[in-house]
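In this note's numbering, the protein residues as written are -5 to 396.
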C-alpha cells in the first residue's frame, strides 16, 4: 500500500486523523482494500456528484477527541423487540440467529462507489464487525442499537437471511456527537423476506452516515420504512440489488427537518433480472432552515424485462423556510418495463387549513395535524404498533416547533 501521506491529494485535518486511525489497526488485505477505496475520494464534497447536496468534507473538518455524555433514547425503546447492542462484543442472540466467523466477511462490494461505507468497513475494530446468520423466522423483531456516545464510531454488521426465512429488524441510528459511519449488509436468500424499519435522530454536533446494501435473490422481498430528523449532517443511504427473478422491494421513508439540521436520504435500486418490482414513496417537511436531500435512482439492466418500478417524493416547506433538494432518476436499458418517477415540493393546502380553522382548530395545531397526516402516508405499510411509535415522535416534533 502507498504511504498514508500519499493516499490523499489534498487532505484536510480529519482525513489525516482518519489515516492515523487506520495506521493503528491490525493490517489485513480487506481492510487495506476498503481504505484505499475511501482514499480515492476522501471525505466527499459537493464536486462529487453523488454528494452534490451534502458536503461531508466541510462538515467534518477534524475528529473530536471526546463527547459529552448526552442522554439519547430511540423511539423504538418501547417496541416489543429483542435488543442487540452493536459494539458491545459478541451479542447474545435469540434462537434462530447465530454469529458466523468474521473471517467470512469479505471486502465491501462496490467500495469504490461508496467511499464513506468503505471507510466505515476499514476502520471497524474487532468486536465492532459482525456476520450474523438468520436461520429461522423469529417470534419478534430484532432491535439494533449502535454506538451513540463514542467520539467517532465505525461499525459493520452483515446479515444472511436464509432461504424462506422471515426477518424483521428495527434500526436505531442515534448520535449525541462526533462522526460515525455505519455499514449494514443484508443478503436475502430465495423466498426469504426482510422487514427493515429505521429511526434516525441526532444532536446538532453529530455527523452521521449509515449505508445499507441489500441483495435480493429469487422471490425474495424487502419492506423498508422509517423516519429521520437529521443532524449537523446525516445521510441514510440504501442500495438494493435485484439479483434474482420475481424479487420485490418497497422502500419508503419520512422526514422532518428544522433548526438548521441536514438530512440526506439517498437510494439506488439496481434491477438486474426480469419480473422484479420496486415501489418507493418518500414524504417530508422542512422548516426553520432545515435542509433535506432526496436522491433516488432506479437502474434497469437490458436483461431486466418486465420490471415494474415506481418512485415518488413529496415535500412540504413550512413556515420560516427550509430547503429541499430532490434528484429522482431513471436509467433504463430494457424496453419492456413499467417505470416512472415523480417529485413535488410545495406548501400546506390552504383550503384544508382554512376548513380546519373554521371548525375551531387553532392554526398551529391545524398545521401540525396536516403535516403529520401528509408524511404519515409513507409509513402506512408498517406494522400498526411500530407506525404509531414513529407517528407519535413526528407529532411531538411538530407540536414543539409549530
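C-beta: ideal position from N, C-alpha, C; glycine also. The structure presented is a predicted model; accordingly, all values stated were derived computationally and were not measured.
Rounded to the nearest angstrom, what separates residue i and residue j at their Cα positions?
i	j	result
residue 230	residue 355	36 Å
residue 81	residue 124	9 Å
residue 24	residue 152	15 Å
residue 165	residue 65	18 Å
residue 140	residue 299	39 Å
residue 388	residue 250	7 Å
residue 75	residue 349	41 Å
residue 200	residue 285	15 Å
residue 154	residue 204	19 Å
residue 393	residue 211	43 Å
residue 244	residue 182	14 Å
residue 194	residue 306	21 Å
residue 157	residue 258	33 Å
residue 122	residue 340	42 Å
residue 312	residue 347	13 Å
residue 117	residue 177	11 Å
residue 292	residue 235	10 Å
residue 22	residue 336	45 Å
residue 226	residue 330	43 Å
residue 190	residue 218	5 Å
residue 295	residue 132	35 Å
residue 107	residue 359	44 Å
Since residue i and residue j should fall inside the 8 Å C-beta cutoff, what is the C-beta to C-beta distance between them, to a whole number of angstroms?
i	j	result
residue 366	residue 357	That belief does not hold up - the Cβ atoms of residue 366 and residue 357 are roughly 15 Å apart, past 8 Å.
residue 168	residue 248	Their Cβ separation, rounded to whole angstroms, is 17 Å, which puts residue 168 and residue 248 out of contact at 8 Å.
residue 196	residue 228	6 Å
residue 48	residue 256	7 Å
residue 246	residue 275	5 Å
residue 290	residue 323	7 Å
residue 282	residue 238	That belief does not hold up - the Cβ atoms of residue 282 and residue 238 are roughly 45 Å apart, past 8 Å.
residue 113	residue 32	4 Å
Which residues bound the beta strand (DSSP E) around residue i?
i	result
residue 322	316 to 326
residue 34	Careful: residue 34 lies outside any beta strand (DSSP E), inside the alpha helix (DSSP H) at 23 to 35.
residue 220	215 to 222
residue 91	91 to 94
residue 385	Note, residue 385: premise wrong, no beta strand (DSSP E); alpha helix (DSSP H) at 378 to 395.
residue 309	302 to 311
residue 51	Per DSSP, residue 51 belongs to no beta strand (DSSP E); it is in the alpha helix (DSSP H), 50 to 53.
residue 286	284 to 294
Got a sec, what are the start and stop residues for the alpha helix (DSSP H) residue i sits in?
i	result
residue 9	7 to 17
residue 363	357 to 370
residue 349	344 to 352
residue 163	Element bounds for residue 163: not the alpha helix (DSSP H) but the beta strand (DSSP E), 160 to 169.
Anyone know if the C-beta pair for residue i and residue j falls short of 7 Å?
i	j	result
residue 185	residue 213	yes
residue 272	residue 303	yes
residue 51	residue 37	yes
residue 58	residue 145	yes
Exercise for review: For the region 229 to 274, list the beta strand (DSSP E) runs that are entirely contained and at least 3 residues long, ordered along the chain.
Suggested key: 242 to 251, 256 to 265
Practice item. Any chance you could list the beta strand (DSSP E) runs of at least 3 consecutive residues sitting entirely within the region 179 to 212, in chain order? Key: 187 to 196, 200 to 210
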